[in-house]
Amino acid sequence: MCQGKRFLERVCALAFVATLGAGSATAQFIGVDLREDKSPPSAEGLPSFPGADNVRIFNLYAMFAGPGSGAFKDPDFANMVLLAGQISPFQKDELQEGFGVNVGRNPEATFYRAPPASGGSTVGSYDAAAPGDARRDWNTFVSIGLKSHNSKDGPFFKDRTIPDQNFGFHTNEKRWGERDLSHLPPLQRSDWISGGWSAIPVAPMQGFARDLGDGTYGVLLAQLAIMNLEDDAAVGSAGVAADPVPSDPFTATMSTWYGDILDGQLIIFTQNPAGGAFQHDVYFQIPTPGALAFFTLAGAAFARRRR
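Numbering-wise (numbering that gives the first Met the number 0), the sequence shown opens with residue 0 and increments by one.
Next up, the structure:
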């Protein structure tokens, strides 16, 4: 089973994966949420910062029905993210797995990535105790559960997020065609994220679902700062996580985020309280009129929210 190309290699290496049948999934994982951050600190005037009017920040969360628990085999132990992303390496001559900016909807858009001098990182949250500036609050990065940390609090409070060997930011030319981004600084010439990231086995506590401040429970997977979105680009809404087709024995749930911002596929592995992991497939796409009508009637839990 660990030979399946959609399984992240780290899951197999650490023996987290369990066989998943149609009736084996837990209902604790309920989908993803994309929330816009409207109140980052000002970075105006700092070198290479394109200005707040040109960048929108989105926080991507894996959402759960309740908080996570540290008790092994406790039902709430399921409310924990182990890994996220894709396994496929970056190959310019192949259609890329992964996810990123919907350039078809936003032809000028790219990720904003803060320079190293700001104290930010592409993998893991920034260290609030280290030198830096407000550009790191606008940075695009992946994480398991943390937007920032403070190394002065001790080694157990560091961000332990690590990438797999296929992780990276790049421009998905195969999907969108060649784009001339030469007028942008090198760090801003990417619209796609391939590969995966995790915080296991060194820091599984990072992945426990926590109250996001509004009575919902989630685990941060990425902060996505996107430049040059279309003025009317909508954050979107989530379809309900549902059982997959019976022919897919590895996937516990499948769900779709309908919106104008993102495109592609994200795989999320969550803890199985009995041991092993559940795989959840999430798709990002622009809604068709029929899908949008269905979603509205369903009264989904994740209406558009801005934080």
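C-beta atoms are modelled at their ideal positions from N, C-alpha and C, and glycine is treated no differently. The structure displayed is predicted, hence computed values, not measured ones.
Original post:
Given G258, which residues of its chain have a CB within under 6 Å of its CB, disregarding the five upstream and five downstream residues?
Top reply: A233, V234, G235
Original post:
Using DSSP with H/G/I as helix, E/B as strand and the rest coil, what is G212?
Top reply: coil
**OP:** Report yes or no: is there a C-beta of chain B within less than 8 Å of the C-beta of G123?
**Re:** The structure shown contains no chain B, having only a single protein chain.
Subject >> Nearest neighbour of Q278, chosen from D179, Y216, D242 [CA to CA] >> reply: D242
Subject >> Cα-Cα separation between Y282 and F156, rounded to whole angstroms >> reply: 32 Å
Subject >> Element boundaries [alpha helix (DSSP H), containing W175] >> reply: 172 to 175
**OP:** Would you kindly work out how many angstroms separate the C-alpha atoms of E229 and N105, rounded to a whole number?
**Re:** 6 Å
Subject >> Opening and closing residue of the beta strand (DSSP E) in which W35 lies >> reply: Residue 35 is actually Glu in this sequence, not Trp. First-last of the beta strand (DSSP E) with E35: 28 to 36.
Original post:
Grouping DSSP H, G and I as helix and E and B as strand, with all else coil, what is R134?
Top reply: helix
**OP:** Can you say whether D126 is buried or exposed, counting buried as having 16 or more other CB atoms within 10 angstroms of its CB?
**Re:** buried
Subject >> Pick from N58, A61, V102 that is closest to I285, judged by C-alpha positions >> reply: V102
Original post:
Beta carbon of G217, beta carbon of D32: below 8 Å?
Top reply: yes
Original post:
So who's on the other strand from G263, going by DSSP bridges?
Top reply: F98, F283
Original post:
In terms of residues, what are the limits of the beta strand (DSSP E) holding I56?
Top reply: 54 to 63
Original post:
According to the neighbour-count rule (16 or more other Cβ atoms, all chains shown, within 10 Å of its Cβ), is Q164 buried or exposed?
Top reply: exposed
Original post:
If we call anything under 8 Å between Cβ atoms a contact, is N138 one with A113?
Top reply: yes
**OP:** Let me know the secondary structure DSSP gives D388 once reduced to three states.
**Re:** It is not possible to answer for residue 388, since the shown part of the chain is limited to 0 through 306.
Original post:
To the nearest angstrom, how far is it from the Cα of P184 to the Cα of S47?
Top reply: 8 Å
**OP:** For N149, count neighbouring C-beta atoms within 10 Å of its own C-beta (all shown protein chains included) and say buried if the count is 16 or more, exposed if not.
**Re:** exposed
Original post:
Taking 7 Å as the cut-off, does the CB of K151 come closer than this to any heavy atom belonging to the ligand MN?
Top reply: For the structure depicted, the ligand MN is absent and the ligand set is empty, with no information on it obtainable.
Original post:
If we call anything under 8 Å between Cβ atoms a contact, is Q85 one with G97?
Top reply: yes
Original post:
With N171 and G99 assumed to form a contact (beta carbons below 8 Å), what rounded beta-carbon distance in angstroms separates them?
Top reply: 6 Å
**OP:** Pick out whichever of M226, L82, R55 has its Cα sitting closest to the Cα of I266.
**Re:** L82
Original post:
Based on Cα-Cα distance, which residue from A208, S41, G194 lies nearest to G30?
Top reply: A208
**OP:** Just mark S181 as buried or exposed, buried being the case when its beta carbon has 16 or more other beta carbons within 10 Å.
**Re:** exposed
**OP:** Could you check if P130 is buried or exposed, using at least 16 other CB atoms within 10 Å of its CB as the buried criterion?
**Re:** exposed
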